[in-house]
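Following our numbering, the numbering of the sequence shown begins with 45 at its first residue and continues without gaps. Worksheet: one structure, shown below.
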Amino acid sequence: MKILGIVAGPRREGHTAQLIEAVLSGARESGHETEIFYLSDLEINPIGADKGGYLYPDDDMARLYTHLESMGALVLGTPIYYDHVSSRAKLFIDRLHYYSKTHGPEYRKRFPDGVKCVNVITYDWDKKDAYDQVLRWMNGRMEHYWNMTIAGNIKAHGTGLVIKRHSKELLEEAKDIGRSL
């Protein structure tokens, strides 16, 4: 199975990236093919509109379409800024509208049903249950709009402003989720 990792944080070595890479590492141990994209490396613009409907920009999102259309699992990770997903994560989710029924049934058919999804959030606040509502929001979008099955969620709290390696336990939990995909 092909597993796609999407890092919606600004740092390739940051907490979000570390956890997504751990999930993908576990998936590779189970024989899966993995691919990772860092949204900070891509130019992805918002959807536009005119009287005829939505306009999908010709930008780097097009590089992701082939991967999205052939994936069996998605690992989407974002830091939490101002109580919600990062702007990169929100823009990525918005751009998945390309595969919505309102864009057309021929586009919805391109996005595979039953894709497994793992959502990852990281945040500075040292409160373990903070931002559960953000995970519920992410899970709800993936389940409702794209018929994904939530295969797991990972939360790293109290990450601090200085980049540090996550605990072995959390990284192992991420690998276990990857192995189970």
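All C-beta atoms in this analysis are idealised placements derived from N, C-alpha and C, irrespective of residue type, glycine included.
Using the rule of at least 16 other Cβ atoms within 10 Å of the residue's Cβ for burial, across every protein chain shown, is residue i buried or exposed?
i      : result
Arg107 : exposed
Gly53  : buried
Tyr98  : exposed
Ser62  : Note on residue identity: the sequence assigns Gln, not Ser, to residue 62. Label assigned to Gln62: buried.
Pro123 : buried
Gly96  : exposed
Asn89  : exposed
Quick check on DSSP: helix, strand or coil for residue i?
i      : result
His141 : helix
Leu225 : coil
Gly148 : coil
Asp220 : helix
Ala52  : coil
Thr166 : strand
Val129 : strand
Lys160 : strand
First and last residue of the beta strand (DSSP E) that includes residue i?
i      : result
Tyr125 : 117 to 125
Asp196 : Residue 196 is actually Gly in this sequence, not Asp. Residues 193 to 200.
Tyr98  : 97 to 99
Gly92  : 92 to 94
Whose C-alpha, out of the options, is nearest the C-alpha of residue i?
i      : options                        : result
Ser131 : Ser84, Lys95, Pro101           : Ser84
Ile47  : Asp103, Cys161, Trp190, Ile198 : Cys161
Met45  : Pro54, Glu77, Gly58, Gly53     : Glu77
His233 : Asp173, His59, Asp94, Met105   : Since the displayed the chain opens at 45 and closes at 225, residue 233 lies outside it and no answer follows.
Trp190 : Arg223, Phe155, Ile64, Val129  : Phe155
Leu225 : Met192, Leu214, Glu213         : Met192
His111 : Ala218, Gly49, Leu215          : Gly49
Asn197 : Arg55, Arg56, Pro101, Ile64    : Ile64
Compute the beta-carbon to beta-carbon distance between residue i and residue j, rounded to the nearest angstrom, for a pair I have assumed lies under 8 Å.
i      : j      : result
Leu179 : Lys199 : 7 Å
Tyr151 : Ile165 : Not quite, the Cβ-Cβ distance comes to about 28 Å (not below 8 Å), so this is no contact.
Ala195 : Ala66  : With a Cβ gap of about 14 Å, Ala195 and Ala66 do not count as contacting.
In the DSSP assignment, find the alpha helix (DSSP H) that holds residue i and state where it starts and stops.
i      : result
Thr78  : Where Thr78 is concerned, there is no enclosing alpha helix (DSSP H), although the beta strand (DSSP E) it sits in stretches over 77 to 82.
Ile88  : Taken as a continuous stretch (DSSP letters only), Ile88 belongs to no alpha helix (DSSP H), as it is neither H nor E.
Thr110 : 106 to 114
Ala66  : 59 to 73
Asp176 : 176 to 190
Compare the C-beta of residue i with all C-beta atoms of chain B and state if any pair is closer than 8 Å.
i     : result
Leu48 : Absence of chain B from the displayed structure is noted, only one protein chain being present.
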